[in-house]
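Here the structure is laid out as structure tokens; the discussion comes afterwards.
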Amino acid sequence: MIYNEEYETLPREALEALQLKRLKQVVQRVYHNVGYYKKSFDQAGVKPDDIKTLDDLKRFPFTTKQDLRDNYPFGMFAAPMSSIVRLHASSGTTGSSTVVAYTKHDIDSWAELVARCFAAADLTKGDIIHNAYGYGLFTGGLGIHYGAEKLGASVIPMSGGNTKWQLMILQDFGPTAICCTPSYALNLAEQGRAMGIDMRSLKLRVGIFGAEPWSEQMRRQIEDAFAIKAMNIYGLSEIMGPGVSMECSDAQEGMHVFEDYFLVETINPQTGDVLPLGEQGELVFTTLTKEAFPLIRYRTRDMSRINTIPCRCGRTFHRMDRVMGRSDDMLIIRGVNVYPSQIEAVLINIEGLEPHYQLIVERAGTLDTLEVQVEVTEKLFANAGEVKVLQKLEQQLIRDMKEFLGITAKVKLVEPKTIARSEGKASRVIDKRKI
Ligand code: DLL
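Position 383 of the sequence shown, counted from 1, bears residue number 372 in the numbering used here, the numbering being contiguous throughout.
Right, here's the structure in full:
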């Protein structure tokens, strides 16, 4: 279903005209309201009036996470605090946190975008939405919440954690949709099964999963565990929160970027050169309507590809491929680049292994080494009296990683339930090189 037929199916020409109009406004806004942008545009020798076509944006400088940090906490705001109604912040696990702000108008836009995402997953006001994204400074909880209300659905503001209680609510309230990270979905399914709950007979029919990289293989596991359709939603706090792009249920082939709100580019992360659409690169977003926290050419570090082929759902927005990971999560194992989600895709396909894994990266001399720790299934563990069975499985994973990813890694099979379960974003990599 399409929530906003008028905008989501705009012919490309009209869409680009709208984008240009909005781009001119936002560039003026940041130049006159944000000291950082005045300085950075002046330094690059560009002026807001230089935007005559969408292409002219290429001449403007990028904004990076470091720029946001340098202006912590409120230096990037383009609206006075009196018109700001909400603040969110990233957790700051990889450096100091980033603060983002919203005016009333921004919150309304965000709710519209998330409502569009729900409609794209065929949810309507008749649905009950169990929202297990964390409420608080993280954008997942409240972002999803406002979108669900905008759609008119009944939202259960569950937040993250407290898994037993979640399972009770899932049984008693009979939600038809669940929103959480994919890793938490698996955790819920596992604990539910352990408590003897038939997770497939819950009323759930759709799941809206995102906030961390996941593989197609993981999608199938989740779909199977809950007997639902699992949909991919993407977003980041700096640009808005959840709802920057979303899969449509018609095609489920890439996530439509809401291009009336965001301009997307892909660049070569090393050189910063803009890549032709269709080539794999780092996603760069410019917000077109935001008042409190507009960003020009924000480098996400997320690697993806923009697909311009028209979609059968009727939306005219381009689609982005599943994000395999951020450029800074990429591991380089003896010269071969690999993302944790690619390793996930390989191990999930092996019978006897669970999708619970951790990657330990170490440095031996000048070489990085990788150890994949992965749980075996209860069933296999119970029958694993024979060491041979485990050895065979280990060998198979080593072989498959070599064959499909070209990497040589050590494998350590571990007992069921020994790897920490996630209640939000899973942390897959333990990097001992930095310690
Ligand atoms: O994770 C916003 C969000 C909440 C998105 C709920 C979807 C659902 P941040 O905490 O700022 O915001 O983290 C953003 O998470 O740059 C990606 O690296 C990653 N990410 C988000 N969605 C996906 C996805 C929220 N569907 C960062 N697939 C982004 C892969 C994702 N990675």
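For each residue, glycine too, the CB sits at the ideal point set by N, CA and C.
Here the structure is a predicted model, which is why all the values come from computation and not from measurement.
Could you give the distance in angstroms between the alpha-carbon of residue i and the alpha-carbon of residue j?
i: G462; j: I332; result: Because the chain is modelled from -10 through 424, residue 462 falls outside the range shown and cannot be assessed.
i: P37; j: L225; result: 26 Å
i: T358; j: R323; result: 8 Å
i: E138; j: V144; result: 7 Å
i: K47; j: T53; result: 15 Å
i: S85; j: C237; result: 35 Å
i: F370; j: L177; result: 21 Å
i: M309; j: D187; result: 35 Å
i: S411; j: M319; result: 20 Å
i: T113; j: M147; result: 19 Å
i: D420; j: D95; result: 38 Å
i: T152; j: L7; result: 45 Å
i: V15; j: K279; result: 8 Å
Check each candidate in the options and name the one with the smallest Cα separation from residue i.
i: A415; options: S86, P329, E351 and Q380; result: P329
i: V361; options: V378, E375, L382 and F370; result: L382
i: Y173; options: E280, I118, G243 and E201; result: E201
i: R311; options: P146, S234 and A409; result: S234
i: E227; options: H307, F282 and G163; result: F282
i: E404; options: G341, E412 and R209; result: G341
i: M207; options: P231, L175, L193 and R194; result: L175
i: Q160; options: G270, M184 and K41; result: M184
Over what stretch of residues does the beta strand (DSSP E) that includes residue i continue unbroken?
i: S143; result: S143 to I145
i: F274; result: G270 to T276
i: F251; result: F251 to I256
i: I321; result: L320 to I322
i: N120; result: I117 to N120
i: V418; result: V418 to D420
Taking only three categories from DSSP, how would you classify residue i?
i: P405; result: coil
i: H307; result: coil
i: Q241; result: coil
i: D111; result: coil
i: M292; result: strand
i: F127; result: coil
i: C168; result: strand
i: R11; result: helix
i: S98; result: helix
i: G224; result: strand
i: E367; result: helix
i: Y26; result: helix
i: I158; result: helix
i: R286; result: coil
i: G163; result: coil
i: I(-9); result: coil
i: R105; result: helix
i: G341; result: coil
i: P231; result: strand
i: A78; result: strand
i: V263; result: strand
i: T443; result: Residue 443 is absent from the structure shown; the chain starts at -10 and stops at 424.
i: A353; result: strand
Could you give the first and the last residue of the continuous alpha helix (DSSP H) run that contains residue i?
i: P171; result: P171 to A183
i: E(-6); result: E(-6) to E(-3)
i: F198; result: Run containing F198: none in the alpha helix (DSSP H); it sits in the beta strand (DSSP E), V195 to G199.
i: R388; result: V376 to D389
i: D59; result: K54 to D59
i: R336; result: The amino acid occupying residue 336 in the given sequence is Leu; Arg does not appear at that position. Note, L336: alpha helix (DSSP H), P329 to I337.
i: D213; result: E205 to F215
Give the C-beta separation of residue i and residue j to the nearest angstrom, bearing in mind that I take them to be a contact with Cβ-Cβ under 8 Å.
i: T165; j: D116; result: 5 Å
i: V378; j: I387; result: Contact flag wrong, Cβ pair sits at about 15 Å.
i: T87; j: R105; result: Actually they are not in contact, since the Cβ atoms of T87 and R105 sit about 25 Å apart, beyond 8 Å.
i: R422; j: R352; result: 5 Å
i: V89; j: G136; result: Not quite, the Cβ-Cβ distance comes to about 17 Å (not below 8 Å), so this is no contact.
i: V325; j: F393; result: In fact, because the Cβ distance is near 11 Å, the residues do not count as touching under 8 Å.
i: A67; j: V19; result: 6 Å
i: L277; j: L252; result: 6 Å
When every heavy atom of the ligand ADP is checked, does at least one fall within less than 7 Å of the C-beta of residue i?
i: S226; result: Only the ligand DLL can be found as ligands here, which leaves the ligand ADP out of the picture.
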